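Written below as structure tokens is the structure these notes are about.
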Amino acid sequence: MRVVIALGGNAFNQPGEPINQETHLKNVDLAARVIAKVVQEGHQVVITHGNGPQIGYLAELQRGDGAFKLDVLNAATQGMLGYFIVSALDRYLGSGRSVAIVTRVEVDCNDPAFKTPTKPIGPVYSEEQAIELAKRYGWIFKQDPRGGWRRVVPSPTPRKILEVDVIKQLLESGYVVVATGGGGIPMCNGVGVEGVIDKDLASSLLAIELGADFLVILTDVDGIYINFKKPSQRKLDVVRVDELEKYMSEGHFPPGSMGPKVQAVINFVRKTGKKAAVGALERGYEVFKGISGTQVVP
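In our numbering, the protein residues as written are 939 to 1236.
Shown next, in the form of structure tokens:
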């Protein structure tokens, strides 16, 4: 079976932890153990990952200076985080079994997202800090659903994974592939552009283009909920894609958190007729086996 496993930000950083090499290496070990179990069962695996905290951190280091734009910072985070994942997998699969690919993703030059930034990057700020940074650097901030304020940048819709053929060849040659990190580098007419593509939507597109059999999104919650954090909240254990679309249209999934994940699994299941799942990283193998998380079926 060909599987795409999308790792959320908690694969590298837990809330409140510093963004540094030590914490990244410690946290990514859990993801590596989950992925290794899947690989050892004989499946072809592609790993994708987010980069919101990391690209935000790099942007912070050059506040207002603009020495490197977001497309270049995305490439930098793909290399860094891919290196961490591959190094962790080496401990469980042996050296040379996995490879990380810096991946570019085609977007529409006229995507309305370039005029309406929505993708959060970097740390969480207080309202006072956000106001000061917005004045000083012209950054745009929005409230994070989990509290505080975060910088937001354009998040264009992914249209085509440019390295998909290379990724296929590596899979068929027996490699575990890390690709489309941070949603991939957004490319418009062959040129990198300012923006950060949503990791889950890019992962879904990659899974479709690869002809994957299963899309698994691992994050910091144990599944998809309706009426989340309300007295009537309910976890969806197994849900048909048409039912999930109905909940999506009713506004159950905020765009800054669960919304892109739900849209990603809807896109994949609708396009392929295969299943997808969303669940907690620490129970990632159980999510893959269908006994944890939310399983989305045709």
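We put the CB at the ideal spot given by N, CA and C, even for glycine.
Keep in mind that this is a model prediction, so the values were computed, not measured.
Rounded to the nearest whole angstrom, the CA to CA distance from valine 1154 to leucine 968 is 16 Å.
Non-local beta-carbon contacts of valine 1037 in its own chain, meaning distances under 8 Å to residues more than five positions away in sequence, involve Val1024, Leu1108, Tyr1113, Val1114, Val1115, Val1116 in chain order. Rounded to the nearest angstrom, the Cβ distance from glycine 1121 to aspartate 1160 is 24 Å, too far for a contact under 8 Å. In this structure, glycine 1222 sits away from valine 984, with a CB-CB distance that is not shorter than 7 Å. Separation of glutamine 959 and asparagine 948 (C-alpha to C-alpha, rounded to the nearest whole angstrom) is 14 Å. The region 1048-1136 is shown to contain whole alpha helix (DSSP H) runs of 4 or more residues at 1065-1075, 1102-1110, in chain order. Bounds of the alpha helix (DSSP H) holding lysine 975 are 959-978.
Looking at the DSSP output, tyrosine 1163 bridges to Lys1173. When Cβ pairs closer than 8 Å are counted between the two stretches, the region 1013-1020 is seen not to touch the region 1090-1108, the count staying below three. Following the DSSP letters along the chain, one finds alanine 1215 in no alpha helix (DSSP H) but inside the beta strand (DSSP E) bounded by residues 1213-1218. For glutamate 1044, the beta-bridge partners assigned by DSSP are Lys1098, Met1125. In the DSSP assignment, the residues bridged to arginine 940 are Gln982.
Collapsing the DSSP output to three states places phenylalanine 1226 in a helix. Nearest C-alpha to arginine 1178 among Ala1150, Asp1151, Lys1212: Lys1212.
For the pair leucine 1031 and arginine 1074, the Cα-to-Cα distance works out to about 48 Å.
Between phenylalanine 1022 and the set Gly1149, Val966, Asp1175, the nearest pair of CA atoms involves Val966.
Fewer than three beta-carbon pairs drawn from the region 1131-1146 and the region 1170-1184 are found closer than 8 Å, and the two stretches are therefore not classed as touching.
With 16 or more other Cβ atoms from the protein chains shown falling within 10 Å of its own Cβ, aspartate 1136 counts as buried.
Three or more beta-carbon pairs separated by less than 8 Å are not found between the region 1159-1175 and the region 992-999, which leaves the two stretches without contact. Closest in alpha carbon position to phenylalanine 1052, among Gly1231, Ile1105, Val1091, Phe1079, is Val1091. As a beta-bridge residue in DSSP terms, isoleucine 1155 pairs with Ala944, Val1216. Residue environment for threonine 1054: exposed (fewer than 16 other C-beta atoms within 10 angstroms of its C-beta).
If you compare the alpha carbons of Pro953, Arg1208, Val1102 with that of threonine 986, the shortest gap goes to Val1102. Note on geometry: alpha-carbon atoms of glutamine 992 and glutamate 1132 lie some 16 Å from one another. Residue burial is scored here from C-beta neighbours: lysine 1199 has at least 16 other C-beta atoms within 10 angstroms and is therefore classed as buried. Secondary structure at glutamine 1233: strand, using DSSP grouped into helix, strand and coil.
Contact between glycine 1197 and phenylalanine 1206 is ruled out by a C-beta separation of about 15 Å, above the 8 Å threshold.
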